[in-house]
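Read the structure below first, then the notes.
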Amino acid sequence: MSIILDHVSHIYEKDTEMAAFALRDVCLTIPDGQFIGLIGHTGSGKSTLVQHLNGLLVPTGGSIYFNGQDIHQEDYDKKELRSRVGLVFQYPEHQLFEVDVFSDVCFGPRNLGLSEKETQLRAFEALHQVGFPEEYFYQSPFDLSGGQKRRAAIAGVLAMKPEVLILDEPTAGLDPKGRDEILDQIARLQKEAGITVILVSHSMEDIARYVDRIIVMNRGSVLFDDSPKEVFRHGRELEEVGLAVPQVTYILRELKERGMAVHTDATTLEEAEREILQALEMG
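Note that our numbering has the sequence shown beginning at 9, numbered continuously upward.
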(Lines of atoms letter the chains of each structure in order from A and count residues from 1; the text may use other names and numbers.)
(Lines give C-alpha, C1' and ligand atoms only; values in the text may rest on other atoms or scores of the structure.)
Protein backbone atom coordinates (compact mmCIF):
# COMPACT_ATOMS: atom_id res chain seq x y z
CA MET A 1 0.00 0.00 0.00
CA SER A 2 1.11 3.60 -0.28
CA ILE A 3 0.44 7.32 -0.05
CA ILE A 4 -0.65 8.85 -3.35
CA LEU A 5 -0.83 12.58 -4.08
CA ASP A 6 -3.00 13.13 -7.13
CA HIS A 7 -2.59 16.64 -8.64
CA VAL A 8 -2.40 18.26 -5.20
CA SER A 9 -2.29 22.06 -4.94
CA HIS A 10 -2.42 24.33 -1.91
CA ILE A 11 -3.02 28.07 -1.76
CA TYR A 12 -2.50 29.99 1.47
CA GLU A 13 -4.88 32.91 2.09
CA LYS A 14 -7.04 31.77 -0.80
CA ASP A 15 -9.52 34.35 -2.16
CA THR A 16 -7.60 37.23 -0.60
CA GLU A 17 -5.04 39.70 -1.91
CA MET A 18 -2.41 37.71 0.02
CA ALA A 19 -3.14 34.46 -1.86
CA ALA A 20 0.05 32.46 -2.52
CA PHE A 21 0.62 29.05 -4.09
CA ALA A 22 2.55 26.72 -1.78
CA LEU A 23 1.96 23.56 -3.85
CA ARG A 24 1.23 23.34 -7.57
CA ASP A 25 -0.21 20.19 -9.13
CA VAL A 26 1.97 17.74 -7.17
CA CYS A 27 1.71 14.07 -8.20
CA LEU A 28 3.66 11.56 -6.09
CA THR A 29 3.49 7.93 -5.03
CA ILE A 30 5.18 6.99 -1.75
CA PRO A 31 5.38 3.18 -1.46
CA ASP A 32 5.87 1.18 1.71
CA GLY A 33 9.35 0.84 3.14
CA GLN A 34 11.22 3.57 1.26
CA PHE A 35 13.67 6.00 2.88
CA ILE A 36 12.93 9.27 1.08
CA GLY A 37 14.77 12.58 1.25
CA LEU A 38 12.75 15.75 0.66
CA ILE A 39 14.82 18.80 -0.19
CA GLY A 40 14.29 22.34 -1.43
CA HIS A 41 15.21 25.90 -0.49
CA THR A 42 13.18 27.82 2.10
CA GLY A 43 9.68 28.45 0.75
CA SER A 44 9.83 25.62 -1.80
CA GLY A 45 6.82 23.81 -0.30
CA LYS A 46 8.52 21.03 1.69
CA SER A 47 6.80 21.62 5.03
CA THR A 48 3.45 22.31 3.38
CA LEU A 49 3.76 19.03 1.49
CA VAL A 50 4.48 16.87 4.55
CA GLN A 51 1.60 18.45 6.51
CA HIS A 52 -0.75 17.19 3.81
CA LEU A 53 0.38 13.59 4.26
CA ASN A 54 -1.41 13.10 7.58
CA GLY A 55 -4.26 15.52 6.97
CA LEU A 56 -3.04 18.51 8.97
CA LEU A 57 -3.62 20.63 5.88
CA VAL A 58 -6.42 20.19 3.36
CA PRO A 59 -5.45 20.62 -0.31
CA THR A 60 -6.99 23.43 -2.30
CA GLY A 61 -7.11 21.07 -5.27
CA GLY A 62 -6.46 17.38 -5.92
CA SER A 63 -6.71 14.33 -3.67
CA ILE A 64 -4.56 12.37 -1.21
CA TYR A 65 -4.96 8.62 -0.72
CA PHE A 66 -3.60 6.45 2.08
CA ASN A 67 -3.83 2.72 1.47
CA GLY A 68 -6.35 3.36 -1.30
CA GLN A 69 -8.69 5.64 0.65
CA ASP A 70 -9.22 9.37 0.15
CA ILE A 71 -8.15 10.88 3.49
CA HIS A 72 -10.52 13.83 3.07
CA GLN A 73 -13.68 11.84 2.59
CA GLU A 74 -16.30 12.92 5.10
CA ASP A 75 -16.28 9.68 7.10
CA TYR A 76 -12.50 9.11 7.03
CA ASP A 77 -10.89 8.57 10.47
CA LYS A 78 -8.19 11.25 10.72
CA LYS A 79 -7.22 10.15 14.22
CA GLU A 80 -6.30 6.71 12.95
CA LEU A 81 -4.45 8.25 10.00
CA ARG A 82 -2.27 10.32 12.35
CA SER A 83 -1.41 7.22 14.36
CA ARG A 84 -0.21 5.53 11.16
CA VAL A 85 1.46 8.55 9.53
CA GLY A 86 3.55 10.21 12.23
CA LEU A 87 5.04 13.70 11.85
CA VAL A 88 7.90 15.08 13.95
CA PHE A 89 8.05 18.86 13.57
CA GLN A 90 11.26 20.83 13.13
CA TYR A 91 11.00 22.31 16.62
CA PRO A 92 10.46 19.42 19.08
CA GLU A 93 9.32 21.69 21.91
CA HIS A 94 6.09 22.13 19.93
CA GLN A 95 5.29 18.45 20.61
CA LEU A 96 6.40 18.18 24.25
CA PHE A 97 3.95 19.27 26.93
CA GLU A 98 3.66 16.69 29.75
CA VAL A 99 5.30 16.90 33.19
CA ASP A 100 7.99 14.36 32.30
CA VAL A 101 9.38 12.63 29.21
CA PHE A 102 7.85 9.22 29.92
CA SER A 103 4.35 10.70 30.36
CA ASP A 104 4.81 12.61 27.13
CA VAL A 105 5.70 9.48 25.16
CA CYS A 106 2.74 7.64 26.73
CA PHE A 107 0.28 10.28 25.52
CA GLY A 108 -0.11 8.99 21.95
CA PRO A 109 -0.62 5.27 22.61
CA ARG A 110 -2.93 6.05 25.54
CA ASN A 111 -5.10 8.11 23.17
CA LEU A 112 -5.31 5.06 20.90
CA GLY A 113 -7.27 3.38 23.68
CA LEU A 114 -4.53 0.90 24.62
CA SER A 115 -4.28 -0.58 28.10
CA GLU A 116 -1.97 1.15 30.56
CA LYS A 117 0.42 -1.82 30.43
CA GLU A 118 0.64 -1.73 26.62
CA THR A 119 0.95 2.07 26.68
CA GLN A 120 3.93 1.95 29.04
CA LEU A 121 5.58 -0.93 27.17
CA ARG A 122 5.36 1.06 23.94
CA ALA A 123 6.81 4.14 25.64
CA PHE A 124 9.77 2.16 27.04
CA GLU A 125 10.41 0.55 23.66
CA ALA A 126 10.22 3.83 21.73
CA LEU A 127 12.57 5.65 24.13
CA HIS A 128 15.10 2.82 23.86
CA GLN A 129 14.78 2.83 20.06
CA VAL A 130 15.94 6.45 19.89
CA GLY A 131 18.72 5.95 22.44
CA PHE A 132 17.14 8.08 25.15
CA PRO A 133 18.95 7.58 28.51
CA GLU A 134 16.81 5.98 31.23
CA GLU A 135 18.02 8.41 33.89
CA TYR A 136 16.11 11.18 32.08
CA PHE A 137 12.81 9.29 31.60
CA TYR A 138 11.14 11.24 34.42
CA GLN A 139 12.80 14.60 33.75
CA SER A 140 10.76 17.57 32.55
CA PRO A 141 11.05 17.70 28.75
CA PHE A 142 11.77 21.42 29.02
CA ASP A 143 14.97 20.74 30.99
CA LEU A 144 16.46 18.63 28.20
CA SER A 145 19.16 19.51 25.70
CA GLY A 146 18.24 20.06 22.05
CA GLY A 147 19.29 16.55 21.08
CA GLN A 148 17.36 14.97 23.96
CA LYS A 149 14.23 16.94 23.05
CA ARG A 150 14.58 15.70 19.48
CA ARG A 151 14.83 12.09 20.67
CA ALA A 152 11.86 12.48 23.01
CA ALA A 153 9.69 13.96 20.24
CA ILE A 154 10.63 11.15 17.84
CA ALA A 155 9.92 8.55 20.55
CA GLY A 156 6.47 10.06 21.11
CA VAL A 157 5.63 9.43 17.47
CA LEU A 158 7.29 5.97 17.36
CA ALA A 159 5.22 4.85 20.35
CA MET A 160 2.18 5.05 18.05
CA LYS A 161 3.90 2.43 15.83
CA PRO A 162 3.40 4.40 12.62
CA GLU A 163 3.74 2.91 9.16
CA VAL A 164 5.16 6.22 7.91
CA LEU A 165 7.54 8.45 9.89
CA ILE A 166 7.99 12.03 8.64
CA LEU A 167 10.89 14.03 10.10
CA ASP A 168 11.05 17.76 9.35
CA GLU A 169 14.69 18.83 9.85
CA PRO A 170 15.21 16.43 12.80
CA THR A 171 18.87 17.39 13.27
CA ALA A 172 18.64 21.20 12.92
CA GLY A 173 20.90 22.89 15.45
CA LEU A 174 22.58 19.68 16.65
CA ASP A 175 26.33 19.08 16.70
CA PRO A 176 27.75 16.52 14.21
CA LYS A 177 27.87 13.73 16.80
CA GLY A 178 24.25 14.23 17.85
CA ARG A 179 23.14 14.49 14.22
CA ASP A 180 24.85 11.23 13.26
CA GLU A 181 23.48 9.40 16.31
CA ILE A 182 19.87 10.36 15.57
CA LEU A 183 20.08 9.62 11.85
CA ASP A 184 21.88 6.30 12.40
CA GLN A 185 19.12 5.25 14.80
CA ILE A 186 16.41 6.29 12.36
CA ALA A 187 18.12 4.39 9.52
CA ARG A 188 18.44 1.28 11.68
CA LEU A 189 14.80 1.52 12.72
CA GLN A 190 13.70 1.93 9.10
CA LYS A 191 15.52 -1.24 8.08
CA GLU A 192 14.45 -3.32 11.09
CA ALA A 193 10.79 -2.28 11.18
CA GLY A 194 10.37 -1.77 7.42
CA ILE A 195 8.61 1.55 7.91
CA THR A 196 8.56 4.38 5.39
CA VAL A 197 10.72 7.35 6.41
CA ILE A 198 10.49 10.81 4.84
CA LEU A 199 13.42 13.00 5.87
CA VAL A 200 13.20 16.76 5.25
CA SER A 201 16.71 18.19 5.39
CA HIS A 202 18.96 21.00 4.18
CA SER A 203 22.02 18.76 4.51
CA MET A 204 22.95 17.21 1.17
CA GLU A 205 25.47 15.01 2.99
CA ASP A 206 22.79 13.51 5.23
CA ILE A 207 20.44 13.01 2.30
CA ALA A 208 23.14 11.31 0.19
CA ARG A 209 24.20 9.02 3.02
CA TYR A 210 20.83 7.70 4.15
CA VAL A 211 18.04 7.86 1.57
CA ASP A 212 16.99 5.65 -1.36
CA ARG A 213 15.13 8.38 -3.22
CA ILE A 214 15.21 12.18 -3.35
CA ILE A 215 12.26 14.46 -4.08
CA VAL A 216 13.36 18.02 -4.91
CA MET A 217 10.78 20.77 -4.45
CA ASN A 218 10.99 24.17 -6.12
CA ARG A 219 8.30 26.87 -6.01
CA GLY A 220 5.69 24.36 -4.91
CA SER A 221 6.39 21.84 -7.68
CA VAL A 222 8.44 18.65 -7.95
CA LEU A 223 11.66 19.50 -9.80
CA PHE A 224 13.35 16.08 -9.54
CA ASP A 225 12.29 12.70 -8.18
CA ASP A 226 14.93 9.99 -8.49
CA SER A 227 17.79 8.12 -6.81
CA PRO A 228 20.44 10.24 -5.06
CA LYS A 229 23.04 9.63 -7.78
CA GLU A 230 20.65 10.66 -10.54
CA VAL A 231 19.43 13.77 -8.71
CA PHE A 232 22.95 14.95 -7.83
CA ARG A 233 24.00 14.66 -11.47
CA HIS A 234 21.88 17.81 -11.95
CA GLY A 235 24.33 19.96 -9.99
CA ARG A 236 23.89 23.08 -12.08
CA GLU A 237 20.08 22.95 -11.92
CA LEU A 238 20.21 22.37 -8.15
CA GLU A 239 22.49 25.36 -7.68
CA GLU A 240 20.13 27.51 -9.75
CA VAL A 241 17.34 26.84 -7.22
CA GLY A 242 19.50 27.49 -4.16
CA LEU A 243 20.64 23.92 -3.45
CA ALA A 244 23.91 22.06 -3.94
CA VAL A 245 25.47 18.63 -4.29
CA PRO A 246 27.38 16.94 -1.42
CA GLN A 247 30.80 18.45 -0.68
CA VAL A 248 32.63 15.26 -1.66
CA THR A 249 31.18 15.55 -5.16
CA TYR A 250 32.67 19.03 -5.53
CA ILE A 251 36.02 17.72 -4.27
CA LEU A 252 36.06 14.89 -6.85
CA ARG A 253 35.21 17.36 -9.63
CA GLU A 254 38.14 19.52 -8.55
CA LEU A 255 40.48 16.51 -8.53
CA LYS A 256 39.32 15.48 -11.99
CA GLU A 257 39.97 18.99 -13.31
CA ARG A 258 43.51 18.70 -11.92
CA GLY A 259 44.09 15.50 -13.85
CA MET A 260 43.21 12.71 -11.40
CA ALA A 261 41.34 9.82 -13.07
CA VAL A 262 38.28 9.79 -10.78
CA HIS A 263 34.58 9.42 -11.49
CA THR A 264 32.64 12.40 -10.14
CA ASP A 265 29.33 10.74 -9.24
CA ALA A 266 30.28 9.70 -5.71
CA THR A 267 27.94 11.30 -3.17
CA THR A 268 29.13 9.91 0.18
CA LEU A 269 32.47 10.07 1.99
CA GLU A 270 32.90 6.29 1.71
CA GLU A 271 32.32 6.32 -2.05
CA ALA A 272 34.72 9.23 -2.54
CA GLU A 273 37.40 7.50 -0.46
CA ARG A 274 37.15 4.34 -2.60
CA GLU A 275 37.27 6.40 -5.79
CA ILE A 276 40.39 8.34 -4.74
CA LEU A 277 42.24 5.23 -3.48
CA GLN A 278 41.47 3.41 -6.72
CA ALA A 279 42.76 6.34 -8.77
CA LEU A 280 45.95 6.49 -6.70
CA GLU A 281 46.56 2.75 -7.12
CA MET A 282 46.09 3.02 -10.90
CA GLY A 283 48.28 6.11 -11.10
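Heads up, the beta-carbon is just placed ideally off N, CA and C, and yes, glycines get one too.
Spatial neighbours of Gly69 in its chain, beta-carbon cut-off 6 Å, leaving aside the 5 residues before and after: Excluding positions up to five away in sequence, the list reads Ser17.
Pro184 burial status per 10 Å Cβ neighbour count (16 or more: buried): Exposed is the call here.
Cβ-based burial, Lys54 [other Cβ within 10 Å; buried from 16]: Counting the other CB atoms within 10 Å of its CB gives Lys54 a total of 16 or more, which places it among the buried residues.
For Ala287, the nearest candidate out of Gly267, Leu122, Thr275 and Leu277 (CA to CA): When each option's Cα is compared against that of Ala287, the closest is Gly267.
For Asn75, the nearest candidate out of Leu65, Leu122 and Glu171 (CA to CA): Of the listed residues, the one whose Cα sits closest to Asn75 is Glu171.
Residues near Arg159 in its chain [Cβ-Cβ closer than 6 Å; skip 5 each side]: Closer than 6 Å at the Cβ level, and outside the excluded window around Arg159, lie Val138 and Phe140.
Cα-Cα separation between Leu36 and Glu143, rounded to whole angstroms: The alpha-carbon atoms of Leu36 and Glu143 are separated by roughly 43 Å.
Leu64 beta carbon less than 9 Å from that of Leu95: Cβ distance < 9 Å, so Leu95 and Leu64 count as in contact.
Start-end ranges of the beta strand (DSSP E) lying completely within the region 74-132, minimum 3 residues: Runs found: 93-96.
Rounded straight-line distance, which links the Cα of Leu260 to that of Leu61: When rounded, the distance between both Cα atoms is 37 Å.
Alpha-carbon spacing of Glu213 relative to Leu46, whole angstroms: Rounded to whole angstroms, Glu213 and Leu46 show a C-alpha spacing of 13 Å.
Through-space distance from Gln193 to Ile19, alpha-carbon basis: The alpha-carbon atoms of Ile19 and Gln193 are separated by roughly 36 Å.
Beta strand (DSSP E) segments (min. 3 residues) lying fully within the region 9-86: Counting only runs of 3 or more, we get 10-20, 28-39, 43-47 and 69-74.
Straight-line Cα distance separating Thr179 from Asp40: Going from the Cα of Asp40 to the Cα of Thr179 covers about 24 Å.
Start-to-end residues for the beta strand (DSSP E) that takes in Leu231: Membership of Leu231 in the beta strand (DSSP E) is indicated by the continuous run Ser229 to Asp234.
Beta bridge counterpart(s) of Leu207 as assigned by DSSP: In the DSSP output, where bridge partners are listed per residue, Leu207 has Gly45 and Leu175.
Cβ contact (3+ pairs, closer than 8 Å) linking the region 233-248 and the region 215-224: Verdict: yes, contact present.
Exposure label - Gly155; buried when at least 16 CB within 10 Å: Classification for Gly155: buried.
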